[in-house]
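Here the structure is laid out as structure tokens; the discussion comes afterwards.
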Amino acid sequence: MHLSNAAKWIGVVVLVAAFVISGITVLLLAQNGVLPSHPWQEVGTALAIFGAVSALIAGIAEADVGSHQTRHTH
Numbered sequence: 003m004h005l006s007n008a009a010k011w012i013g014v015v016v017l018v019a020a021f022v023i024s025g026i027t028v029l030l031l032a033q034n035g036v037l038p039s040h041p042w043q044e045v046g047t048a049l050a051i052f053g054a055v056s057a058l059i060a061g062i063a064e065a066d067v068g069s070h071q072t073r074h075t076h
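Everything in the sequence shown is counted per the numbering used here, starting at 3 for the first residue and increasing by one.
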């Protein structure tokens, strides 16, 4: 099964957004007393940080792929 680059990047964006949103949601629930703060604040923080770092890595990878495509077309 062949996926286009656009479909792959849309999948990456959706996955990264899911980590960030779920992390922030868990943090808010823990801070408002819906969930016990230990261990849920740490879990929410880890999810949000993982999502943010993943976004950074995905951006670097996309820029690297774009620069390689540019070099090969000239």
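Ideal Cβ placement from N, Cα and C applies to all residues, glycine included.
Report all residues from its chain with a CB closer than 6 angstroms to the CB of residue i; omit the five preceding and five following residues, and keep chain order.
i, result
"Phe-21", "Leu-49, Phe-52 and Gly-53"
Rounded to the nearest angstrom, what separates residue i and residue j at their Cα positions?
i, j, result
"Val-36", "Val-28", "9 angstroms"
"Val-16", "Ser-69", "23 angstroms"
"Val-14", "Leu-58", "11 angstroms"
"Ile-62", "Thr-47", "23 angstroms"
"Ser-6", "Pro-38", "43 angstroms"
"Val-55", "Ile-26", "14 angstroms"
Considering just the uninterrupted stretch of the alpha helix (DSSP H) at residue i, what are its terminal residues?
i, result
"Asn-7", "7 to 33"
**Prompt:** Are at least three pairs of beta-carbons, each pair with one atom in the region 41 to 57 and one in the region 24 to 33, less than 8 angstroms apart?
**Reply:** Output reads yes: the region 24 to 33 touches the region 41 to 57.
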